[in-house]
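Student: Going by my numbering, 302 is the number at position 302 of the sequence shown; the sequence numbering is gapless.
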Amino acid sequence: MARKWITGIDIGHFSAKAVVLAYEGTDITLVNHLELHDCDAIFTDPHTLKHQETVKKLKNLGKVAPIFRKNAAIALPDSTVMSKVVTLEKGLSDLEQEYAIHQLMGHQTPYPNQALAIDFIKVSDTRESSSEAFRVQVTRQSIVDKWSAVTARIGLRPCLMDTQLSALRGLQSRLVLRHSEFRDWAVLEFGATHVSLVPPLSLSADQGKTWSTASHQYQLSSSATEFKSEAERIFASVASKVSSQLQLYRSMLGDNAAPGIIVTGGHAHDDSVCDMVSRYTGKAAQCFDARQGVLIESQGIGMVSATFACAIGIALNGVHWLREHGHGLR
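1) In the DSSP output, what is Y23 paired with across the bridge?
2) In angstroms with no decimal places, state the Cα-to-Cα distance between V20 and Q164.
3) Among P66, E132, E53, whose alpha-carbon lies nearest the alpha-carbon of E89?
4) What number of angstroms, rounded off, separates the C-alpha of A167 from the C-alpha of V238?
5) Taking only the alpha-carbon atoms, compute the straight-line gap between V86 and Q108 and give it to the nearest angstrom.
6) Is A152 helix, strand or coil when you go by DSSP?
7) Looking at P158: is its Cβ nearer than 8 Å to the Cβ of I74?
8) At what residues does the beta strand (DSSP E) containing H269 begin and finish?
9) If I follow the unbroken alpha helix (DSSP H) through I234, where does it start and stop?
10) If distances are taken between C-alpha atoms only, which option among V31, V123, T193, A258 comes closest to R69?
11) Quick check on V242: does DSSP put it in helix, strand or coil?
12) Where DSSP assigns a beta bridge to F182, which residues make up the other side?
13) Do the CB positions of I262 and L201 come within less than 8 Å of each other?
14) Within the continuous beta strand (DSSP E) that includes N71, where are the two ends?
15) Just to confirm my understanding: we take Q245, look at its own chain, exclude 5 residues before and 5 after, and list those with CB closer than 7 Å. What are they?
16) Can you give me the C-alpha to C-alpha distance between D184 and S173, rounded to a whole angstrom?
17) Take the Cβ of S240 as the centre, count every other Cβ of all protein chains shown within 10 Å, and call the residue buried at 16 or more, exposed below.
18) Can you determine whether any heavy atom of the ligand MN sits closer than 7 Å to the C-beta of R233, and answer yes or no?
19) From V138, R169, L160, S251, pick the residue whose C-alpha is nearest to that of G313; which is it?
20) Report yes if the C-beta distance between A192 and H13 is below 8 Å; otherwise report no.
21) What span of residues does the alpha helix (DSSP H) with H320 cover, start to end?
22) Nearest-angstrom Cα distance between Q97 and P110?
23) Does the Cβ-Cβ distance between Q52 and H179 come in under 8 Å?
24) What does a CB cutoff of less than 8 Å around A115 pick up in its chain, not counting 5 residues either side in sequence?
25) Taking 8 Å as the cut-off, decide whether the C-beta atoms of G318 and N71 are in contact.
26) Apart from the five residues just before and just after I28, which ones in its own chain have a Cβ nearer than 6 Å to its Cβ?
27) Any idea what DSSP makes of Q108, helix, strand or coil?
28) Which residue wins for smallest C-alpha separation from L160, given the options W147, D38, L58, R279?
29) Would you call the CB atoms of T281 and V242 closer than 8 Å?
30) With DSSP as the reference, label I67 as helix, strand or coil.
31) So which of V55, G25, L253, H194 has the shortest CA-CA distance to L36?
32) Ends of the beta strand (DSSP E) at P158?
33) Going by DSSP in three states, D38 sits in which element: helix, strand or coil?
34) What does DSSP give as the partner residue(s) for T87 in the beta ladder?
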């Protein structure tokens with residue numbers, strides 16, 4: 001079986017990350033990675049890219065993939081996508097399903113149908129039921145077009161777009177596959193401008209949450225926070241919300257729900273951050289180690305930090321998509 005490749009891209013306001021995964025059979029190997037800093041200037045708002053500035057800034061991301069190996073998966077900010085589960089009458093044709101979903105979602109957004117990009121997948125197929133459920137994701141077509149155009153201009157071929165939460169879910173699934181002791185653990189992304197929490201695999205990914213921390217980045221120190229690190233001040237601003245969500249998981253799964261948390265993101269750089277997360281949540285916390293999820297090609301590749309977790313996750317989702325749908329793409 002020939003080796004295949006995909007590049008996972010996570011573009012944030014602080015930095016842009018790219019990883020290249022090679023896969024053959026069940027083996028998935030990280031063969032290259034790159035982080036570019038100071039990316040805030042390429043955004044016109046929290047999720048719209050300036051085309052020329054972005055292409056100029058990110059052109060080096062296109063060079064991490066081997067020549068002629070251009071498939072890419074892109075993580076979109078969660079705030080750009082609306083996700084819902086809708087129920088339709090069973091037995092509809094594909095065209096009838098598509099029409100019904102477009103009609104339903106068109107009434108729930110301020111944009112006309114022609115301005116929307118809608119994707120959906122069946123999530124239940126109960127034979128005894130007269131209905132079936134679909135997970136629907138909706139974003140503006142202009143966002144898909146702009147992010148796709150930027151990816152193409154830097155020399156890559158976008159084959160999958162998904163949310164950052166979905167990317168973290170993909171990473172979580174891979175971790176549990178390789179290390180079953182993490183089956184009941186949650187994943188917490190501690191990024192530069194947000195904190196995201198992904199529930200244990202036994203719960204729907206819809207139970208995941210993202211909280212913005214941007215407004216807390218530059219607050220003046222008070223007597224209560226002046227001795228805390230920047231990371232702790234930021235996390236403290238959403239710690240009660242994280243704890244409440246963990247409590248919700250416990251109410252749904254019982255006392256053994258989420259006994260621990262895998263910590264990812266730009267702030268998950270050392271054990272002191274994990275200790276701080278553990279102190280605020282009352283849960284065991286462990287910083288993400290890429291070697292737990294994928295093989296690492298040893299030659300010429302340095303330490304892969306937890307900041308690459310989302311890029312790895314979206315690349316893993318891309319591997320799954322290509323195995324299911326991308327026959328002939330290399």
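For each residue, glycine too, the CB sits at the ideal point set by N, CA and C. Note that the structure is a prediction, hence the values are computed from the model and not measured.
Tutor: On the basis of the supplied data:
1) K4, I28
2) 17 Å
3) E132
4) 22 Å
5) 12 Å
6) helix
7) yes
8) That residue, H269, is in no beta strand (DSSP E); it is neither H nor E in DSSP.
9) 230 to 236
10) V31
11) helix
12) F182 is not bridged to any residue.
13) no
14) 71 to 76
15) L197, K209
16) 11 Å
17) exposed
18) No copy of the ligand MN occurs in the structure displayed, which carries no ligand at all.
19) R169
20) yes
21) 309 to 325
22) 22 Å
23) no
24) R140, Q141, S142
25) yes
26) L21, V294
27) coil
28) W147
29) yes
30) coil
31) V55
32) 157 to 163
33) coil
34) A133
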